[in-house]
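Trainee: These protein sequences, in sequence, are chains A and B.
Residue numbering for the first sequence follows the working numbering, beginning at 1 and increasing consecutively.
Residue numbering for the second sequence follows the working numbering, beginning at 311 and increasing consecutively.
Beta carbons: idealized from backbone N, C-alpha and C, even for Gly.
This is the structure I want to talk about, given as structure tokens.
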Amino acid sequence: MNGTIIPRLFRERCNKICPNPKQFSKVIQEPLKPCIRINTNKISREEIISRLQKQKWQLKQVPFYENGFIIENASDDNRIGLTTEHFMGYLYMQEVVSLLPAVVLAPQKGEVVLDVCAAPGSKTTQLSQMMCNTGLIVANDNDFLRLKPLKYNIEKCGCLNVAITNVDGRVIKGQFNKILLDAPCSSEGQIRKDWKVLSRWSEDYMKSFSNLQKQLITHAFEILKPNGALVYSTCTFAPEENEEVVSYLLENFENARLEEIKLNDFKTSEGIAEWRGKKFSPEVKKCIRIWPHQNDTGGFFVAKIVKNEN
Amino acid sequence: MKIEMLNLEQRERILSELIERFEFDKKVFDLFEFYRTKDNVYVCAKGAIDLAKGIAGVQDLGFAFARFGVNLKITTNIVQMIGRHASKNFVSVSEKEAKQFIAGKDIELSKDKAEQSSANVASQQQTENATNGFVIIRFGADNLGVGFLRGPSLKNLLPGAKKLPTFDF
Chain A
1 MNGTIIPRLF
11 RERCNKICPN
21 PKQFSKVIQE
31 PLKPCIRINT
41 NKISREEIIS
51 RLQKQKWQLK
61 QVPFYENGFI
71 IENASDDNRI
81 GLTTEHFMGY
91 LYMQEVVSLL
101 PAVVLAPQKG
111 EVVLDVCAAP
121 GSKTTQLSQM
131 MCNTGLIVAN
141 DNDFLRLKPL
151 KYNIEKCGCL
161 NVAITNVDGR
171 VIKGQFNKIL
181 LDAPCSSEGQ
191 IRKDWKVLSR
201 WSEDYMKSFS
211 NLQKQLITHA
221 FEILKPNGAL
231 VYSTCTFAPE
241 ENEEVVSYLL
251 ENFENARLEE
261 IKLNDFKTSE
271 GIAEWRGKKF
281 SPEVKKCIRI
291 WPHQNDTGGF
301 FVAKIVKNEN
Chain B
311 MKIEMLNLEQ
321 RERILSELIE
331 RFEFDKKVFD
341 LFEFYRTKDN
351 VYVCAKGAID
361 LAKGIAGVQD
371 LGFAFARFGV
381 NLKITTNIVQ
391 MIGRHASKNF
401 VSVSEKEAKQ
411 FIAGKDIELS
421 KDKAEQSSAN
431 VASQQQTENA
441 TNGFVIIRFG
451 ADNLGVGFLR
461 GPSLKNLLPG
471 AKKLPTFDF
């Protein structure tokens, strides 16, 4: 990543909304530490921690999720992906920030949950274990080619409560207690993992997602049961794909309200209420932004929307 | 996808074959629901079939539990979940053999182990009481997958996508 040219416009945009832009520019050029999720569908937390510690893996607890751990001593020659524990599906490699949406959604045992854009299944399999393999998760993805890795991960993680569908997220039918919409996006927050996101980056590319995201969030809200919760997340910094989308929903549905998101010992910034002269609903301040330099992670955006009964 | 739950008789017939082969405790299956297609029996969480009836376009629910053939073959994914409850027809492998298995290679069991495995007598160590046919491959506390035992030869039945040719832990 070092030496990669960061587009001027991207830098300017981030500088306007990012706390401590200098630190941001430095951190996005550093690689991410690997993170694992313990798959409690297959093994207990205590047992796997004990096994990993015996093998001298240095684990650092992810503060907001008890089954998330950063691997402090991983290297090219020391990869946790090449352990029996990984082969057995006791562990799942998942970025710290990618653990957030399911934690914020907080699904309960026996509920019916929809994961609108599920492939490759990181969040689906996390939801499954959070629901103790009960109820039903509908793991949908409109891309047929992405169903294969989705199915593989569901099977590997022993998720018995997952149904797979291959439908355009704008026309899914059903009624759900909870919905996770981890929307397709321009992926700016993935820079530390894949610098190529910058080679695709342009304002037009970014804006092309915004319209689709508005359609997806609208339909997701329509098929949410009263008192149900919808989590909208992206791995991008662009306000057009984040606060603008959430604000659009709030403006169009009187019974949509945002909930505060509180995370223990994890730094976040509030949502941005204005961007390039466009004012969003002041409620969007309840959304959270995670900048890479705040917790040494990737970048992310999360909003939790609740559907009022009337 | 039309999902038809197995009736009690079908469920009993399928489970009894696997319980007889591996001596699973029957209670292990209490939280599961089963349905079948032409070639496979599928397993999912209890209650999931009813919940999925309200969802259009379901392509998969849960995953494959066993495949029909001359004998019922239990799948790797299920063995990795419930294999620890099997008390018969498993083969405990050494670290070297476990590496071979995960790499996708067949295993030639050592002479002693082969003798013990094919003997099928209760007086042998519990970890060694396997007869020819489908067996569970066990390494320590981990049930790695399924093999087919024929004398001293253990054919590797790990699905292609799970094989790690350069595996070395």
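Who are the neighbours of E155(A) on chain B, taking C-beta pairs under 7 Å?
Mentor: As a working note, residue 155(A) is residue 155 in the first sequence. Simply F373, N387.
Trainee: Within the continuous alpha helix (DSSP H) that includes E244(A), where are the two ends?
Mentor: Counting from 1 along the first sequence, the entry for residue 244(A) is found at position 244. Where E244(A) is concerned, the enclosing alpha helix (DSSP H) stretches over 243 to 252.
Trainee: What are the uninterrupted segments assigned as beta strand (DSSP E) that are 3 or more residues long and contained completely in the stretch 3 to 50 of chain A, given in chain order?
Mentor: 35 to 38
Trainee: Strictly under 8 Å for the Cβ-Cβ distance: is I164(A) near chain B by that measure?
Mentor: Taking the first residue of the first sequence as position 1, residue 164(A) is located at position 164. Interface residue, yes.
Trainee: In three-state DSSP terms, what is M130(A)?
Mentor: As a first step, residue 130(A) must be located in the first sequence, where it is residue number 130. M130(A) falls in the helix class under three-state DSSP.
Trainee: At a CB-CB cut-off below 9 Å, which residues of chain A make contact with V368(B)?
Mentor: Start at 1 with the first residue of the second sequence, and residue 368(B) comes out as number 58. Near V368(B) (Cβ distances below 9 Å), the residues of chain A are V138, A163, I164, T165.
Trainee: Just how far apart, CA to CA, sit F253(A) and T218(A)?
Mentor: Start at 1 with the first residue of the first sequence, and residue 253(A) comes out as number 253. Start at 1 with the first residue of the first sequence, and residue 218(A) comes out as number 218. C-alpha separation (whole angstroms): 9 Å.
Trainee: Which residue marks the beginning of the beta strand (DSSP E) containing V197(A), and which one marks its end?
Mentor: Counted from its first residue, the first sequence places residue 197(A) at position 197. V197(A) -> not in any beta strand (DSSP E); alpha helix (DSSP H) instead, spanning 197 to 200.
Trainee: So that I know if they touch, is there some Cβ in chain A lying closer than 8 Å to that of L316(B)?
Mentor: Reading the second sequence from its first residue, position 6 is the one you call residue 316(B). Answer no: the Cβ-Cβ gap between L316(B) and chain A never drops below 8 Å.
Trainee: Alpha carbon to alpha carbon, how far is G457(B) from S428(B)? Give it in angstroms, no decimals.
Mentor: As a working mapping, residue 428(B) is identified with position 118 in the second sequence. As a working mapping, residue 457(B) is identified with position 147 in the second sequence. Note that S428(B) has pLDDT 44, beneath the 50 cutoff, so the model's placement of it is unreliable and no number is given.
Trainee: Which runs of the alpha helix (DSSP H) fall wholly inside the stretch 40 to 119 of chain A and span at least 4 residues, in chain order?
Mentor: 45 to 54, 84 to 87, 100 to 105
Trainee: Using a threshold of 8 Å, state whether the C-beta atoms of I375(B) and V353(B) are closer than that.
Mentor: Counting from 1 along the second sequence, the entry for residue 375(B) is found at position 65. Counting from 1 along the second sequence, the entry for residue 353(B) is found at position 43. Here residue 375(B) is Phe; the residue named in the question, Ile, does not match the sequence. In contact: F375(B) and V353(B) (Cβ atoms closer than 8 Å).
Trainee: If we call anything under 8 Å between Cβ atoms a contact, is A163(A) one with D370(B)?
Mentor: Sequence index remark: in the first sequence, residue 163(A) carries index 163 (1-based). Sequence index remark: in the second sequence, residue 370(B) carries index 60 (1-based). In this structure, D370(B) lies closer than 8 Å to A163(A) by Cβ.
Trainee: From R321(B) to F342(B), what does the alpha carbon distance come to, in whole angstroms?
Mentor: Locating residue 321(B) in the second sequence gives position 11, counting from the first residue. Locating residue 342(B) in the second sequence gives position 32, counting from the first residue. Straight-line Cα distance between these residues: approximately 11 Å.
Trainee: Using CA atoms only, rank isn't needed, just tell me which of G135(A), Y92(A), S202(A), I17(A) is closest to R37(A).
Mentor: As a first step, residue 37(A) is located in the first sequence; it is residue number 37 there, counting from the start. Closest by alpha carbon: Y92(A).
Trainee: Between V27(A) and the rest of its own chain, which residues show a CB-CB distance below 6 Å, the 5 nearest in sequence each way excluded?
Mentor: The residue given as residue 27(A) occupies position 27 in the first sequence. The residues are P292, H293.
Trainee: Please report whether the beta-carbon of I417(B) lies at a distance below 8 Å from any beta-carbon of chain A.
Mentor: Within the second sequence, the letter at position 107 stands for residue 417(B). No, I417(B) does not count as interfacial toward chain A.
Trainee: Tell whether a beta-carbon distance below 8 Å holds between G68(A) and C35(A).
Mentor: Counting from 1 along the first sequence, the entry for residue 68(A) is found at position 68. Counting from 1 along the first sequence, the entry for residue 35(A) is found at position 35. In contact: G68(A) and C35(A) (Cβ atoms closer than 8 Å).
Trainee: Quick one: what does DSSP say S210(A) is sitting in, helix, strand or coil?
Mentor: Here residue 210(A) corresponds to residue number 210 of the first sequence, with the count starting at 1. Helix.
Trainee: Counting only runs that start and end within the stretch 118 to 192 of chain A, where is the alpha helix (DSSP H) found for 4 or more residues in a row?
Mentor: 122 to 130, 147 to 156
Trainee: Measuring alpha carbon to alpha carbon, tell me which of M391(B), T441(B), T347(B) ends up nearest K398(B).
Mentor: The residue given as residue 398(B) occupies position 88 in the second sequence. The option with the nearest alpha carbon to K398(B) is T441(B).
Trainee: DSSP state of I305(A), grouped into three classes?
Mentor: The sequence position of residue 305(A) within the first sequence is 305, counting from 1. Strand, per DSSP.
Trainee: Classify S420(B) as helix, strand or coil using the three-state DSSP reduction.
Mentor: Translated into the one-based positions of the second sequence, residue 420(B) becomes position 110. S420(B) falls in the coil class under three-state DSSP.
Trainee: Please report the distance separating the alpha-carbon of L43(A) from that of Y90(A).
Mentor: One-based indexing of the first sequence puts residue 43(A) at position 43. One-based indexing of the first sequence puts residue 90(A) at position 90. Looking at the sequence provided, one finds Ile at residue 43(A) rather than Leu. So the alpha carbons of these two residues sit roughly 6 Å apart.
Trainee: So for N381(B), helix, strand or coil by DSSP?
Mentor: In the second sequence, residue 381(B) corresponds to position 71, counting from 1. Looking at N381(B) - three-state DSSP - the assignment turns out to be coil, as it is neither helix nor strand.
Trainee: Counting only runs that start and end within the stretch 347 to 421 of chain B, where is the beta strand (DSSP E) found for 3 or more residues in a row?
Mentor: 350 to 355, 368 to 371, 373 to 377, 400 to 402
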